[in-house]
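K.L.:
Questions regarding the structure given below will be posed in turn.
Protein chains: 2
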Amino acid sequence: MEEVKLGILGMGTVASGLINIIEFNNSKLIENINKSLIISKVLVKNPDKKRNVNLDSGVYTSEAYEVINDRDVHIIVELIGGIHPAYEYIKAALNNKKHVVTANKALIATHGQELESLAVKNKVKLMYEASVAGGIPIINTISENLAANDFEQIIGIINGTTNYILTQMTDCGLEYDYAVKEAQRLGFAEADPSSDVEGDDAAYKISILATVAFGQRINIKDIPKEGITKISKEDIKYAKELGYNIKLLASAIKKNNEIELSVHPAFVPQDHPLSTVKNEFNAVFLRGNAVGELMFYGRGAGSLPTGSAVLGDIISIIKNCKIEEQSSNNSIKIVNKAYKPYYIRFEVIDKPGVLGKIANIFGENNISLASVVQRQKNGNDTAPLVFITHEVERKNIDAALEKIKNFKYVTNIASIIMVENFK
Amino acid sequence: MEEVKLGILGMGTVASGLINIIEFNNSKLIENINKSLIISKVLVKNPDKKRNVNLDSGVYTSEAYEVINDRDVHIIVELIGGIHPAYEYIKAALNNKKHVVTANKALIATHGQELESLAVKNKVKLMYEASVAGGIPIINTISENLAANDFEQIIGIINGTTNYILTQMTDCGLEYDYAVKEAQRLGFAEADPSSDVEGDDAAYKISILATVAFGQRINIKDIPKEGITKISKEDIKYAKELGYNIKLLASAIKKNNEIELSVHPAFVPQDHPLSTVKNEFNAVFLRGNAVGELMFYGRGAGSLPTGSAVLGDIISIIKNCKIEEQSSNNSIKIVNKAYKPYYIRFEVIDKPGVLGKIANIFGENNISLASVVQRQKNGNDTAPLVFITHEVERKNIDAALEKIKNFKYVTNIASIIMVENFK
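Chains as they are written, first to last, in this note's numbering: chain A, 390 to 812; chain B, 390 to 812.
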């Protein structure tokens, strides 16, 4: 039987998942591709270290170009992560006419288009299904199965760490700091969780999804980001009471010739499918002009799910060798209006006329109100005052708050969170 | 630019969706496939009838073989539905070395394997994404993007009519008969709804999904079916109270070398993603041994969503011409155990000892109980008595009920509904 030889760069959790799947699903794979998959070289830091995968010790090397320049290797699988030296390795592999599969979101988000052109020039494939939402087949599905569609909307819960933290805060009433510690203890958050909780990870991923769906190169700097560090137990309580869950959403919306991207916490209606995406799970909600609304749900990380996505790309390369040039549509403008309803929570001194004055300032800024919740005083003589507005641009909200914050009976503008109405 | 010519058989709702998408997304399609799509022949009953699509009147013909035998047509799109004459037309098209795309679930469920072999023999493609779950890309995703996985579980809400009816009963408190009428009025149910409400439509679709996922030919007769005609408002009320929604599920479960298929109403936990699938929407929940749990959600019918799936197949054929033989795995046994928890509702005469006697009979049949709800009397001296059991084979439930039904204080065994625990 014909052999397909893989060279793997990096031997972390995804690589060991990939190697394990190839081992335990081997008979199914052979039946499917009618070829045998051989892992012939693996780049590691220390070739002598003992590892929990079933590979011959001779495959390990600490010399990257021994893998990349190996004439017998057909497909290079890059699982190092980070931009350098992954970028240099992938360039060298493509120039060597090797197909490349990668799970590297930072690299694809920043250098994807250049590497894609290099792959086309060399008549090989560059695939990166595993770079977004782990096991969920979303990138190839958008670019292949849903190719009949012009996409209007992509809204994802694509960071498992923050979704775990928010779920724990919502379902178990945990405080933010405690939920972060719990996520760290279970391995869902890093020792330094900032790339997750501040939205950087989700921004990389939505930029990749938007590039694939809209055929439009997105610069990561064009994506306004707000993480979950300011979400309080109190906001989560109000959200629940008003029929919502708070989720960290990454969104890319196209209207006419404008695209708007962002990463932000949002109120999601409890009966919307995105609301049931709990803990470390991910989901991507799409709207295409032919297919309508779709949602894809699954595990966004982990050794086997991410390995499944990497192996799916490898199988696709083996079964299908035609390479097509992707063109980029540059007539579309990237905007930042954030035209949505908003949840705003104030702490106010409980005097007659406070609500009226705030409502007036909202009115002057063309902000109309969908609901108001006024509550009993806190211990310190202040009371929470909660508004949900109708749709309005974020700049109107900011202009109104600029005035309201100088009003002496408003002691604190505690929260401003977008309400996602999926329009 | 190179042209790809389509011959369409049938001019119903899906065909007009397809033609409309090709028209309004034309520039995107050309960019993607780098060829121009031409609808060159369309089979209709009456070529002179006025239609709401933008096609030259010269493309219509009432003679099927004028389309199938046209030497210029590259791809035949079969949208007539039903088994005959679609079967004969597709055979002729494949023998003419034309690729075939179809949305015909009844035909693929009953003759899919024979037609697939004929396609392989003729080195052309037979694709049928639109035959299951309308716009949701599920078939190609299972067979391509998720090819790294051995599948363990497929559970779908894949009949929009019944899901619409159950949602209306749940959310608006409608009686079954009224909900059916409402579905008919809105076009979600046929004048004769039996194929939907009795589970036949879902059985066709789960047989196709199971065949694709397990590489195992499924005979439609191997699928036990129970529809929704016996679901009462009262069961829906108890389900809600106990934390569930009632859904019509089509399931295919593989354990070791056994596959179990069925179509049945089931209790689905309210916080499970399948519970938020409302009205005419469909969803397919999968578990693969690498990827873990996935769910795909979207519109399961309709002109544009189904047209999107048909066009996705057409684009895939144009971009990828390699044809591979699918082998069938025949070492797997199809079983019917239905090992699950069950919801059972009795009407009993409210006397001391009734509960104990029923519980004893359950015990004698190795049925252990997870919860019991006992309620106040109805007007007629009887009271409802509701049980949820732990996991047990259906035959034990039937054996117990056989005894219980002879017990004089049990006036009615009102309902037996499976509880879906997704194990």
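Glycine residues also receive a C-beta, built at the ideal position from the N, C-alpha and C atoms.
Indicate whether at least one CB of chain B lies closer than 8 Å to the CB of Tyr686(A).
P.N.:
So yes, Tyr686(A) belongs to the interface.
K.L.:
Within 8 Å, do at least three Cβ pairs link the segment 592 to 603 of chain B to the segment 498 to 505 of chain B?
P.N.:
Yes, since at least three Cβ pairs between the segment 498 to 505 of chain B and the segment 592 to 603 of chain B fall closer than 8 Å, the two stretches touch.
K.L.:
If we cut at 8 Å on Cβ distances, does Ser697(B) have a partner in chain A?
P.N.:
Chain A contact via Cβ: present.
K.L.:
What is the C-beta distance between Ile469(B) and Lys487(B), in whole angstroms, given that I count them as a contact (C-beta under 8 Å)?
P.N.:
At roughly 16 Å, the Cβ-Cβ gap does not stay under 8 Å, so Ile469(B) and Lys487(B) are not in contact.
K.L.:
Just curious, the beta strand (DSSP E) that Ala759(B) is in, first and last residue?
P.N.:
Ala759(B) -> beta strand (DSSP E) spans 758 to 763.
K.L.:
Let's see if you can read the secondary structure: which residues bound the alpha helix (DSSP H) around Ala602(B)?
P.N.:
Counting along the chain, the alpha helix (DSSP H) containing Ala602(B) begins and ends at 589 to 603.
K.L.:
Within 8 Å (strictly less), CB to CB, does Ser705(B) reach chain A?
P.N.:
Ser705(B) counts as touching chain A.
K.L.:
Starting from Leu693(A), trace the alpha helix (DSSP H) both ways and give me its first and last residue.
P.N.:
Here the alpha helix (DSSP H) through Leu693(A) covers 692 to 708.
K.L.:
Using the C-alpha atoms, what's the distance from Gly523(B) back to Gly691(B)?
P.N.:
When rounded, the distance between both Cα atoms is 7 Å.
K.L.:
Quick check: is the beta carbon of Val680(B) nearer than 8 Å to any beta carbon in chain A?
P.N.:
Closer than 8 Å to some Cβ of chain A, the Cβ of Val680(B) qualifies, so yes.
K.L.:
Distance, Cα to Cα, Gln542(B) vs Gly677(B)?
P.N.:
About 7 Å.
K.L.:
Quick check: the Cα distance between Arg688(B) and Phe670(B), rounded to an integer number of angstroms?
P.N.:
Using only the alpha carbons, I get a separation of about 5 Å.
K.L.:
Please compile the residues from chain A whose C-beta is within a distance smaller than 7 Å of the C-beta of Leu496(B).
P.N.:
Result: empty, since nearest Cβ-Cβ is about 21 Å, beyond 7 Å.
K.L.:
Using DSSP with H/G/I as helix, E/B as strand and the rest coil, what is Ser804(B)?
P.N.:
Note: Ser804(B) maps to strand in three-state DSSP.
K.L.:
For Lys379(A), go through chain B and note every residue whose CB falls closer than 8 Å to its CB, in chain order.
P.N.:
Only positions 390 to 812 of chain A appear in the structure, and residue 379(A) is not among them; the question remains open.
K.L.:
With DSSP collapsed to three states, give me the class of Ser451(A).
P.N.:
Coil at Ser451(A), not helix or strand.
K.L.:
Measuring CB to CB, does Glu647(A) end up less than 8 Å from Lys722(A)?
P.N.:
Closer than 8 Å, so yes.
K.L.:
Return the chain-ordered list of same chain residues with a C-beta closer than 6 Å to the C-beta of Asn795(B), the five sequence neighbours on each side being excluded.
P.N.:
Excluding positions up to five away in sequence, the list is empty.
K.L.:
Could you tell me whether the Cβ of Leu700(B) comes closer than 8 Å to any Cβ of chain A?
P.N.:
With 8 Å as the cut-off, Leu700(B) counts as an interface residue toward chain A.
K.L.:
Rounded to whole angstroms, what's the CA-CA distance from Asn548(A) to Ile525(B)? Just pull it up for me.
P.N.:
Rounded to the nearest angstrom, the two C-alpha atoms are 24 Å apart.
K.L.:
Do Val586(B) and Thr618(B) count as a contact pair if the criterion is CB distance below 8 Å?
P.N.:
Cβ distance < 8 Å, so Thr618(B) and Val586(B) count as in contact.
K.L.:
Per DSSP, Ala641(A) forms a beta bridge with which residues?
P.N.:
Its beta-bridge partners are Ile543(A), Leu650(A).
K.L.:
Please list the segments of the alpha helix (DSSP H) lying wholly inside the segment 454 to 490 of chain B, counting only runs of 4 or more residues, in order along the chain.
P.N.:
Listed in chain order, the complete alpha helix (DSSP H) runs (minimum 4 residues) inside the segment 454 to 490 of chain B are 475 to 484.
K.L.:
Buried or exposed for Glu714(B), going by 16 or more other Cβ atoms inside 10 Å?
P.N.:
Confidence at Glu714(B) is low in this model, with a pLDDT of 38, below 50, so the placement of that residue should be treated as unreliable; the coordinate-derived value is given next. Glu714(B) comes out exposed.
K.L.:
What residues from chain B crowd round Lys417(A), counting only those whose CB sits closer than 7 Å?
P.N.:
Within 7 Å Cβ-Cβ: Asp539.
K.L.:
Please identify, using Cβ separations under 8 Å, the residues of the segment 518 to 538 of chain A that lie next to chain B, in order along the chain.
P.N.:
Listed by position, the residues of the segment 518 to 538 of chain A near chain B (Cβ gap below 8 Å) are Glu518, Gly524, Ile525, Pro526, Asn529, Thr530, Glu533, Asn534, Leu535, Ala536, Ala537, Asn538.
K.L.:
From this set, Ser804(B), Ala679(B), Gly752(B), Ile747(B), which residue's C-alpha is nearest Val403(A)'s C-alpha?
P.N.:
Answer by Cα proximity: Ala679(B).
K.L.:
Taking only runs that begin and end inside the segment 397 to 447 of chain A, name each unbroken alpha helix (DSSP H) of 4 or more residues, in chain order.
P.N.:
For the segment 397 to 447 of chain A, whole alpha helix (DSSP H) runs of length 4 or above, ordered along the chain, are 402 to 413, 415 to 422.
K.L.:
If you compare alpha carbons, which of His653(B), Lys636(B), Ile642(B) is closest to Pro662(B)?
P.N.:
Answer by Cα proximity: Lys636(B).
K.L.:
Using beta carbons (cut-off 8 Å, strictly below), is Thr556(B) in contact with chain A?
P.N.:
Chain A contact via Cβ: absent.
K.L.:
For a contact meaning CB atoms closer than 7 Å, what does Thr402(A) contact in chain B?
P.N.:
Neighbours of Thr402(A) on chain B: none; closest Cβ ~14 Å, over 7 Å.
K.L.:
Whether or not the segment 775 to 785 of chain B and the segment 731 to 741 of chain B are in contact is what I'm after, with contact meaning three or more pairs of Cβ atoms, one per stretch, closer than 8 Å; do they touch?
P.N.:
Verdict: yes, contact present.
K.L.:
Which of the three DSSP states, helix, strand or coil, is assigned to Tyr732(A)?
P.N.:
Reduced to three states, the DSSP call for Tyr732(A) is strand.
K.L.:
Could you tell me which chain A residues have their CB closer than 9 Å to the CB of Ile410(B), listed as they occur along the chain?
P.N.:
Under the 9 Å cutoff, chain A gives Ala537, Asn538, Asn678, Ala679.
K.L.:
Unbroken alpha helix (DSSP H) runs of length 4 or more, entirely within the segment 763 to 794 of chain A: which are they?
P.N.:
Runs of the alpha helix (DSSP H) inside the segment 763 to 794 of chain A: 783 to 793.
K.L.:
Are the C-beta atoms of Asn421(A) and some chain B residue less than 8 Å apart?
P.N.:
Yes, Asn421(A) counts as interfacial toward chain B.
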